[in-house]
Structures are given as structure tokens and as C-alpha cells.
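Taking it in order: structure first as C-alpha cells, then the write-up.
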Amino acid sequence: MANNIRPESFEIFGKIFFLSNRLEYLGDNELRKDGLTTKQWELIAVTGKYFTYPPSVSEVADVLSTTRQNIKQLALKLQEKGFIILERDPKDRRVLRLRLTEKNRKYWESNSDEKIEFISSLFSSLTDKELKELYGLLNKLEENIDLRYKETKSNFIGAIHITRATDLNIKE
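For the sequence shown, the UniProt record's numbering gives the first residue as 1, with consecutive numbering after it.
Structure below.
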């Protein structure tokens with residue numbers, strides 16, 4: 001399989017990370033005046049877009065492929081700023097849920113033109129056709145990466161369970 005690697009794959013892999021860092025820098029710069037970071041914006045966006053109910057910290061962490069601790073730290077900062085409320089699940093007090101606030105809704109409504117301008121400026125060098133092609137290609141790449149992610153995560157969790165079972169057997 002290694003002989004079949006296309007050289008562009010390495011370049012694309014590197015460029016995705018490069019672009020991610022640049023987008024975070026530009027996003028942080030744009031959001032700084034509002035007292036937000038790109039990571040905080042991402043947490044709010046995922047909470048509002050992917051869930052029709054107040055998600056748990058763990059659920060948001062899973063969507064963002066990060067740890068519960070990272071999400072909790074971001075959520076605490078956003079709670080201080082009034083964008084979300086952290087609340088215990090009434091059915092299971094161990095579960096911490098994220099609820100978007102009215103302040104959050106008003107903020108995004110009041111800044112929508114400004115945010116549209118910022119996002120549009122990032123893609124201004126692409127034609128409509130190129131933008132649609134990029135969108136389709138990124139969706140296709142996301143599907144493939146998501147499959148690999150789920151397989152890897154499943155194998156990792158399976159290995160943890162085997163290790164724990166082995167540890168238990170040792171103690172018996």
C-alpha cells in the first residue's frame with residue numbers, strides 16, 4: 001500500500017493543519033473584540049447546531065474529538081461571559097449539560113452581517129463553482145476521516161476494556 005501513496009496526499013495533510021492554525025488565528029483576531037476565542041465559538045456552534053437539547057459535556061467533547069476536560073474549561077469561560085449555562089442533569093447528577101443562553105442568541109443575531117462578511121472574505125478568491133467543488137470534496141474527505149476516527153476510537157476503547165479485564169484477572 002505504501003507504494004501507492006500519492007505525493008499530493010502528504011501536501012494536503014500538511015496544508016489542512018496549516019490552514020487550521022491560520023483559521024484559528026484569524027478567527028481569534030476577529031472574535032477578540034467580542035471577548036471570545038475560535039475554540040469558544042466552535043463549542044457554541046456545535047452545541048447549537050448538532051443538538052436539539054442541552055448536550056452533555058461528554059457529547060460535545062465527542063463531536064469535537066477532544067476531552068471532557070477541554071470542553072469543561074471552555075464552557076466555564078463561556079458561562080462567566082453569559083453565553084452558556086452549565087447545569088446538572090436532573091436524572092443523573094453526574095452529567096453536566098450545556099445550555100445556550102438568551103445572551104448567546106442575541107449576540108449571534110446582532111453580529112450576523114459582520115460574521116458573514118468575515119467568512120465570505122476567507123473564500124473570496126474562489127468562484128461559485130470552485131466553492132461548491134471544495135464543499136463536496138471536504139464532505140467526502142470528512143466521511144472517510146470520520147470512518148477512520150470511529151474505527152480507531154472503537155479499537156482504542158476495546159483495548160482499554162481488554163486491559164481492564166486483564167488487570168481484574170490478575171487481581172483474582
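Note that beta-carbon positions come from the ideal geometry of N, C-alpha and C, so glycine has one too. No experiment lies behind these values; they were computed from the predicted model shown.
Local conformation of residue i per DSSP, three classes
i, result
"Ile116", "helix"
"Lys171", "Summary for Lys171: the model assigns pLDDT 46, below 50, so the residue's position carries little reliability; its value from the coordinates is reported in the next sentence. Reduced to three states, the DSSP call for Lys171 is helix."
"Phe17", "helix"
"Ile12", "helix"
"Ser56", "strand"
"Asp34", "helix"
"Tyr50", "coil"
"Asn111", "coil"
"Asp62", "helix"
"Lys91", "coil"
"Leu78", "helix"
"Leu138", "helix"
"Leu147", "helix"
"Thr67", "coil"
Through-space distance from residue j to residue i, alpha-carbon basis
i, j, result
"Asp34", "Pro54", "24 Å"
"Ser56", "Arg99", "9 Å"
"Phe13", "Leu138", "13 Å"
"Arg105", "Gln69", "25 Å"
"Leu122", "Pro90", "43 Å"
"Arg32", "Asp62", "26 Å"
"Lys129", "Tyr135", "10 Å"
"Glu59", "Val95", "10 Å"
"Gly27", "Asn21", "10 Å"
"Glu133", "Lys140", "11 Å"
"residue 216", "Ile44", "Outside the displayed range of the chain (1 to 172) lies residue 216, so it cannot be described from this structure."
"Pro46", "Asn4", "Before going on, a small fix: residue 46 reads as Val here, not Pro. Cα to Cα, the separation comes out at about 37 Å."
"Ile145", "Leu23", "20 Å"
"Glu30", "Glu109", "16 Å"
For residue i, the residue or residues it bridges with in DSSP
i, result
"Arg6", "None, per the DSSP bridge assignment."
"Ile84", "Leu100"
"Ser121", "DSSP, once it has assigned bridges, lists no residue as partnering Ser121."
Neighbour flag for residue i against chain D, beta carbons, 9 Å
i, result
"Arg97", "Considering every chain present, this structure includes no chain D. It has just one protein chain."
Contact test: residue i Cβ vs the ligand NAD heavy atom, cutoff 8 Å
i, result
"Asn155", "Of the ligands one can find in the structure shown there are none, so the ligand NAD has no counterpart to examine."
- Message: Does the contact criterion of 3 or more C-beta pairs under 8 Å hold for the region 69-79 versus the region 28-41?
- Response: yes
- Quick check: the region 81-89 against the region 99-108, are there 3 or more CB pairs under 8 Å? yes
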